[in-house]
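Okay, structure first, notes after.
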């Protein structure tokens, strides 16, 4: 199954009332699901413990008000660079444009490109690279 078909399926789930869709083509199965709005509110608290690693506790609250969180849409292995040994897509302080690639998440042998949802400057990046992330994990913040 090619990436364009998967993106079409994701768009379909996003526009419809269904919460889960499983599609099998040849020997590839893709499972797309979304949580209800109440579940999304429950997913919000986990990023807050990361702010305890910050030396200044007042800074994250001001960043949260002016920044946009980029969260993992799926479970998988996060890659900050396009290939091993290459520089990362972005670094803290980089200016990004809407649609610019920030990360790649490898899930079920499918590489999902995570793009910037808006134009701005990277203010936070997850320390995880080539490691597993869960759906809803905070990957970056764009101010």
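In full-length UniProt numbering, the protein residues as written are 1 to 143.
We treat Cβ as the ideally placed atom computed from N, Cα and C, and that holds for glycine.
Among 26, 16 and 124, which one has its Cα closest to the Cα of residue 68?
By 1-based counting over the chain shown, the position of residue 68 is 68. Minimum Cα distance to residue 68 is reached at 124.
Where are the beta strand (DSSP E) runs, 3 residues long or more, that stay fully inside the UniProt domain "Lipoyl-binding" (67-143), in chain order?
68-71, 76-79, 101-107, 110-115, 120-125, 131-133 and 138-142
Going by CA-CA distance only, name the one from 28, 113 and 26 that's closest to residue 79.
As a first step, residue 79 is located in the chain shown; it is residue number 79 there, counting from the start. Minimum Cα distance to residue 79 is reached at 113.
Can you tell which of 136, 143, 31 and 105 has its C-alpha closest to the C-alpha of residue 122?
As a first step, residue 122 is located in the chain shown; it is residue number 122 there, counting from the start. With distances taken between Cα atoms, residue 122 lies closest to 143.
With 16 as the cutoff for other CB atoms within 10 Å, does residue 12 come out buried or exposed?
For this step, residue 12 is matched to residue 12 along the chain shown. Around the beta carbon of residue 12, a 10 Å sphere encloses fewer than 16 other beta carbons of the protein chains shown; the residue is thus reported as exposed.
Near residue 97, which residues of its chain fall below 7 Å by C-beta distance, leaving aside the five closest residues on each side in sequence?
For the purposes of this step, residue 97 is identified with residue 97 of the chain shown, where counting begins at 1. Cβ neighbours of residue 97 beyond the five flanking positions: 116 and 119.
How many Å lie between residue 110 and residue 100 at the Cα?
What you label residue 110 is simply residue 110 of the chain shown in a count that begins at 1. What you label residue 100 is simply residue 100 of the chain shown in a count that begins at 1. When rounded, the distance between both Cα atoms is 19 Å.
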